[in-house]
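Engineer:
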Amino acid sequence: MTRSLQQYLYLLVLLGNSVGTCGLLFNVTDNGQGFVVSINNIQLLEHTKLSPLLFVGLGSTLFPEDSGNFFIEDYTSARIPLADYNITCDQSSCVLRLSEGETWVSLLLKSERSQPLVLSIQDSSHDFDRTWLRVKAATNEEIYGGGEQFSYFNLRHREKNKENVFPIWVREQGVGRNKSTMTTFMADVQSRAGGDYHTTYFPQPSFISSRHFYVHYDGFNYAELDFSHEDFHELYVLGEISRFYFNTGNNLQELVSDLSSFLGKLPELPDWIMGGAILGVQGGTQVMLDRYNYAKSFGIPVASLWIQDWSGKVEMPFGKRVNWDWTWDPSWYPGLDSAVRNLTLDGVKVMVYINPYLREGGHLYTEAASKGYLVKNSTGGVYLQRSVTLVFASLDLTNPSAFSWYKNVIKTNMIDFGFGGWMADFGEYLPVDAKLFDGRTGLEAHNEWPVLWARLNREAVEESGKLGDVVFFMRAGFSGVSNFTTLMWNGDQNVDFSLADGVRSTMYASLSMAMSGVGLSHFDIGGYTTVSQLGLVRSAELLLRSAEMAVFTPIFRTHEGNQPEANVQWYSNTTIAAFARLARQFALLKDYRKSVVAQVSRNGIPAMRPVSLEYEGTPATATQYLFGLDLLVTPVYTENVKDILVSLPLTKGYTWIHIWSGTAYQGGQTVNVAAPLGEPAVFYRSDSAYSSSFEKLRAESSEVNSIIG
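Residue numbers for the sequence shown follow the UniProt record's numbering, so the first one is 1 and each next one is one higher.
Right, dumping it as structure tokens:
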């Protein structure tokens, strides 16, 4: 009997028909020259002497930083392929001993509850500081996920081979993110803030394959996902290895649901946030109320007024910044307490802003510093950082007393004040040389920081008894953030139509998050980043095109941008009427939206989902998406467009109805439809239980082509 047959029969005896936590839920097939590890006949790991499963090595890595922008300098001095192997299995696990001469590593493979294969390092001959694990790949395989990715939906694209590697490191997304543009060039010149195709606030070391499996690494180390090879994917991890989880499914939707359950599902959104606009305003109490009354005069259904400057403003050399001292500033917002009470009676929430940083010299900074609650530098002093010209320090989220103190700041100054929610911004800036209360360095805790920040906010809400009523939304994240946050947002986009960093990139961001198990996200209507000196300002067309997309998303929220006076706003004379119609359309979809959002919390199926998640076999693109099961949305992301091509998925038993004209189309074809401003290409299923709601949108549709050009 050959060795491979012996191994195969042995594992058959061990495996039998095991289910749950009893026995092994994976197969190891050894042919004497190598081995394959598989689940449900899907090959996941493959080892041969010419292409080993595991490499180990040594090197040095630096993380220079400027205002949350990290520039990783990774140098490998030794990389050792572990070609020789030995396999030992029993009823609870398999041990793979991989070696090269005197260098060896023992890998432990076992099954845990819902995870059929869990891989970890059991022991090794040396203290290596970097590891490469290879996962078997197929030629035409597509890869999705990686957290929030702004440049590609299929991470194994073949447009530029060098852009198939995705570093897993929480940081600023960057401004422009395209090295061939003037915006990116100027951002790089001023503060190295231009970003790149891979920079993101929310990376996640996991991915889903079109071959119906997922891989998740559960550590917080710096890592890289490399999808540039034909025969394998390579996962690089710096530092001590944690565990790799592998799972398979019958289809992509099952995998997304399982991954969401594993990492943590978001809670349901409250009723109030899904039926009206969240209007971003600032400038004091009277300005806030004037904007509100103006919105009402045009029939805008208002869910909330979001005032990010509630804590006041500080004068900086380059303008005003929000005061990072999280208490109400009555000189800037006089009578805000009364205004909040009156607006609440009117059915409108007021939302605010907070981050985990405190401005040097502020009241909360002084208190936190005196109590030892701030992150320390290498000499034991407060670690001061800069955000452009604003000097601040980070709360030490590993200090239980500091954690509780900051929760109390949120409870007292925000929840008890009557605010309905807030933007929980940042979480990306922890420097690698910081010294933390729990004994770790910033390097060790950096990627976990936004998860700790999310947990702090969530506990403040829950301990106040407000979960399901109060909402906070975040841009930074990592594995497990969905277990704590109530909502994500896509961060700061340029106020343009660019793919690299414009509103179009939010499609890639939301769909990649959807394939990472995070099913609720939204974006700033009209974008945020404005550079009037370079002509980067928001147009009326951009504002309305992004607003018409937001109609078919979970949240409808505006932002004035970092240079409000340079941008067209929702309250501008040229846009207010059209914007009001779009806001009313959003409100008309409330019942449908509630059913979609409930599904996110119930089974992890994302609200905005790739078409291929429901119609597997259709091209996996980020040019269109499904909002829930019934709505197919193809947004317009180009200027001066009047019609657009739409790929209708093949269907059985129902047709696709063009929402604005009522025309029915058979699935399985590409059609060209009119898409004037105010009417993006949207179709609904003819068998939808919400058809009457969709038909009501036609009454609010409007062609505002006079704005174009």
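Note that the Cβ used here is the ideal one computed from N, Cα and C, for glycine as well. Source: prediction; values computed, not measured.
May I ask you to verify whether the region 233-250 touches the region 205-220, counting CB pairs closer than 8 Å and requiring at least 3?
Structural biologist: yes
Engineer: Pairing CB atoms from the region 515-522 with CB atoms from the region 535-546, are three or more of them under 8 Å?
Structural biologist: no
Engineer: Give the secondary structure of Y85 by DSSP, where H, G and I count as helix, E and B as strand, and everything else as coil.
Structural biologist: Counting from one through the sequence shown, the residue named residue 85 turns up at place 85. Strand at Y85.
Engineer: With DSSP as the reference, label G442 as helix, strand or coil.
Structural biologist: Position 442 of the sequence shown, counting from 1, holds the residue named residue 442. Helix, per DSSP.
Engineer: Using the C-alpha atoms, what's the distance from H198 back to Q149?
Structural biologist: Residue 149 sits at position 149 when you count from the first residue of the sequence shown. Residue 198 sits at position 198 when you count from the first residue of the sequence shown. Going from the Cα of Q149 to the Cα of H198 covers about 7 Å.
Engineer: So V165 and S228 are in contact, right, with Cβ under 8 Å, and what is the actual spacing, rounded?
Structural biologist: As a first step, residue 165 is located in the sequence shown; it is residue number 165 there, counting from the start. As a first step, residue 228 is located in the sequence shown; it is residue number 228 there, counting from the start. In this structure V165 touches S228 by the C-beta definition: roughly 6 Å separates them, less than 8 Å.
Engineer: What do you reckon, are the CB atoms on D524 and V175 nearer than 8 Å?
Structural biologist: Position 524 of the sequence shown, counted from the start, is the residue given in the question as residue 524. Position 175 of the sequence shown, counted from the start, is the residue given in the question as residue 175. Contact flag unset, no.
Engineer: Going by beta carbon distance, what residues of the same chain come within less than 6 Å of R609, once the five residues before and after it are set aside?
Structural biologist: Residue 609 sits at position 609 when you count from the first residue of the sequence shown. Only A514, L626 meet the Cβ criterion.
Engineer: Got a sec? Which residues, its chain only, sit under 7 Å from P270 by beta carbon, not counting five neighbours each side?
Structural biologist: Position 270 of the sequence shown, counted from the first residue, corresponds to residue 270. Excluding positions up to five away in sequence, the list reads G468, D469, V471.
Engineer: Near F220, what residues of its chain come up, given a Cβ to Cβ distance below 6 Å and the 5 sequence neighbours on each side ignored?
Structural biologist: On the sequence shown, position 220 is the one that residue 220 refers to. So the qualifying residues of the chain are N447, E448.
Engineer: Give the straight-line distance between the Cα atoms of T621 and A577, rounded to the nearest whole angstrom.
Structural biologist: On the sequence shown, residue 621 is found 621 positions in, with the first residue counted as 1. On the sequence shown, residue 577 is found 577 positions in, with the first residue counted as 1. Put simply, the backbone Cα of T621 is about 33 Å away from that of A577.
Engineer: Assuming R134 and F232 are in contact, meaning their beta carbons sit under 8 Å apart, how far apart are those beta carbons, in whole angstroms?
Structural biologist: Position 134 of the sequence shown, counting from 1, holds the residue named residue 134. Position 232 of the sequence shown, counting from 1, holds the residue named residue 232. Rounded, the Cβ-Cβ distance is 4 Å, consistent with contact.
Engineer: For K313, name the three-state secondary structure that DSSP assigns.
Structural biologist: Along the sequence shown, read from residue 1 onward, the residue named residue 313 stands at position 313. Looking at K313 - three-state DSSP - the assignment turns out to be strand.
Engineer: So A223 packs on I168, CB below 8 Å; how close in whole Å?
Structural biologist: What you label residue 223 is simply residue 223 of the sequence shown in a count that begins at 1. What you label residue 168 is simply residue 168 of the sequence shown in a count that begins at 1. Going by Cβ atoms, the distance from A223 to I168 rounds to 4 Å, so yes, they are a contact pair.
Engineer: Given a cut-off of 8 Å on the beta-carbon distance, is the pair E700 and Q585 in contact?
Structural biologist: Taking the first residue of the sequence shown as position 1, residue 700 is located at position 700. Taking the first residue of the sequence shown as position 1, residue 585 is located at position 585. Yes.
Engineer: Look at the Cβ atom of Q115, then the Cβ atom of Y245, and state whether they are nearer than 8 Å.
Structural biologist: What you label residue 115 is simply residue 115 of the sequence shown in a count that begins at 1. What you label residue 245 is simply residue 245 of the sequence shown in a count that begins at 1. Taking 8 Å as the Cβ cut-off, Q115 and Y245 qualify as a contacting pair.
Engineer: Do you know how far the Cα of E65 is from the Cα of residue 755?
Structural biologist: Nothing can be reported for residue 755: it is not among the residues displayed for the chain, which extend from 1 to 709.
Engineer: Buried or exposed for Y690, going by 16 or more other Cβ atoms inside 10 Å?
Structural biologist: Taking the sequence shown and counting its residues from 1, the one referred to as residue 690 is at position 690. Counting Cβ neighbours within 10 Å, Y690 comes out buried, since at least 16 surround it.
Engineer: Roughly how many angstroms lie between the CA atoms of T21 and F35, to the nearest whole one?
Structural biologist: In the sequence shown, the residue the question calls residue 21 occupies position 21. In the sequence shown, the residue the question calls residue 35 occupies position 35. Note that T21 has pLDDT 29, beneath the 50 cutoff, so the model's placement of it is unreliable and no number is given.
Engineer: Under three-state DSSP, which class holds R458?
Structural biologist: If you number the sequence shown from 1, residue 458 lands on position 458. Looking at R458 - three-state DSSP - the assignment turns out to be helix.
Engineer: Please classify T88 as buried or exposed, where buried requires at least 16 neighbouring CB atoms within 10 angstroms.
Structural biologist: Sequence index remark: in the sequence shown, residue 88 carries index 88 (1-based). So T88 ends up on the exposed side.
Engineer: Using CA coordinates, which residue listed in H47, R504, V503, W453 is at the minimum distance from S479?
Structural biologist: If you number the sequence shown from 1, residue 479 lands on position 479. S479 has its Cα closest to that of W453, out of H47, R504, V503, W453.
Engineer: Tell me the residue span of the beta strand (DSSP E) that contains I307.
Structural biologist: Walking along the sequence shown from the start, residue 307 turns up at place 307. 302-307 is the extent of the beta strand (DSSP E) around I307.
Engineer: In three-state DSSP terms, what is M351?
Structural biologist: Position 351 of the sequence shown, counted from the start, is the residue given in the question as residue 351. Three-state DSSP puts M351 in a strand.
Engineer: Can you tell me which residues form a DSSP beta bridge with F35?
Structural biologist: Locating residue 35 in the sequence shown gives position 35, counting from the first residue. BP columns for F35 point to D30, H47.
Engineer: Are K407 and L456 close, meaning C-beta to C-beta below 8 Å?
Structural biologist: Taking the first residue of the sequence shown as position 1, residue 407 is located at position 407. Taking the first residue of the sequence shown as position 1, residue 456 is located at position 456. It is a contact, given that the beta carbons lie within the stated cut-off.
Engineer: Can you tell which of L263, W405, V432 has the C-alpha that lies nearest to the C-alpha of residue 743?
Structural biologist: No statement about residue 743 is possible, as the shown extent of the chain runs from 1 to 709 and does not include it.
Engineer: By the 10 Å Cβ neighbour count, where 16 or more other Cβ atoms means buried, how is S498 classified, buried or exposed?
Structural biologist: Along the sequence shown, one-based indexing puts residue 498 at 498. S498 comes out buried.
Engineer: Considering only C-alpha positions, which residue in the set R685, V503, G361 is nearest to E639?
Structural biologist: Within the sequence shown, residue 639 is the residue found at index 639, counting from 1. Among R685, V503, G361, the Cα nearest to that of E639 is on V503.
Engineer: Apart from the five residues on each side of it in sequence, which residues of its chain come closer than 8 Å, Cβ to Cβ, to N413?
Structural biologist: Along the sequence shown, read from residue 1 onward, the residue named residue 413 stands at position 413. If we look at N413 and ignore the five residues flanking it on each side, its Cβ neighbours are W326, T327, W328.
Engineer: With a threshold of 6 Å on Cβ separation, who are the neighbours of E46 within its own chain once the five nearest residues in sequence on each side are excluded?
Structural biologist: Here residue 46 refers to the residue found at position 46 of the sequence shown. If we look at E46 and ignore the five residues flanking it on each side, its Cβ neighbours are V36, K136.
Engineer: When the distance is taken between beta carbons, is E360 closer than 8 Å to G68?
Structural biologist: Locating residue 68 in the sequence shown gives position 68, where the first residue counts as 1. Locating residue 360 in the sequence shown gives position 360, where the first residue counts as 1. Against a cut-off of 8 Å, the Cβ pair of E360 and G68 comes out as no contact.
Engineer: Would you be able to state if there are at least three C-beta pairs under 8 Å between the region 600-616 and the region 119-135?
Structural biologist: no
Engineer: Short of 8 Å in beta carbon distance, which residues of its chain neighbour I39, apart from the five on each side in sequence? Order them along the chain.
Structural biologist: On the sequence shown, position 39 is the one that residue 39 refers to. Here the set comprises L25, F26, N27, P116, L117, F213, F246, N247, T248.
Engineer: Between K110 and T530, what straight-line distance do the alpha-carbon atoms span, to the nearest angstrom?
Structural biologist: Counting from 1 along the sequence shown, the entry for residue 110 is found at position 110. Counting from 1 along the sequence shown, the entry for residue 530 is found at position 530. Rounded to the nearest angstrom, the two C-alpha atoms are 51 Å apart.
Engineer: Decide if E172 is buried, meaning its Cβ has at least 16 other Cβ atoms within 10 Å, or exposed.
Structural biologist: On the sequence shown, position 172 is the one that residue 172 refers to. E172 should be labelled buried.
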